[in-house]
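Final position of the sequence shown in the working numbering is 204; the numbers increase by one with none missing.
Virtual Cβ for every residue (Gly too), placed ideally from N, Cα, C.
In what follows, a single structure is set out as structure tokens and then discussed.
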Amino acid sequence: MSSALVVLAYLVALGLPILVLYRYHAFAWYWHLLAVAAALALGFVPTPAEWKTPVFDVAFGFCFILLMVWGVGGLVMFPHHHDHGHHESHHHA
């Protein structure tokens, strides 16, 4: 497997969740926490020896990075989510 393909896969795994967070913002905090938990669980799963191929390693790494970036990114963005209706009810004279 070419190293350019590996770099491209990991860049997509990094960029895709950032793009989704930018475009659609964070979901409920528990979905992002679940994504972080899933990524950590994925990292600790013992894989059979016959699965240890370069393609499988890249696919596994892609899933781990995607879930971790989306999960942590959403948790970091969550405190910045404001209720816009609250500000409209205050009038400054």
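For this session: For MET112, name the three-state secondary structure that DSSP assigns.
Result: coil
For this session: Check whether the segment 156-165 touches the segment 118-125, counting contact only when three or more Cβ pairs, one atom from each stretch, lie closer than 8 Å.
Result: no
Exercise. Can you tell which of ALA124, PHE138, PRO157 and TYR135 has the C-alpha that lies nearest to the C-alpha of CYS174?
Worked result: ALA124
For this session: Round the Cβ separation of GLY185 and LEU151 to the nearest angstrom and send it over; I've been treating them as touching at under 8 Å.
Result: That belief does not hold up - the Cβ atoms of GLY185 and LEU151 are roughly 15 Å apart, past 8 Å.
Exercise. Considering only residues of the same chain and omitting the five flanking positions on each side of LEU178, which have a CB-CB separation below 6 Å?
Worked result: ALA146, ALA149 and ALA150
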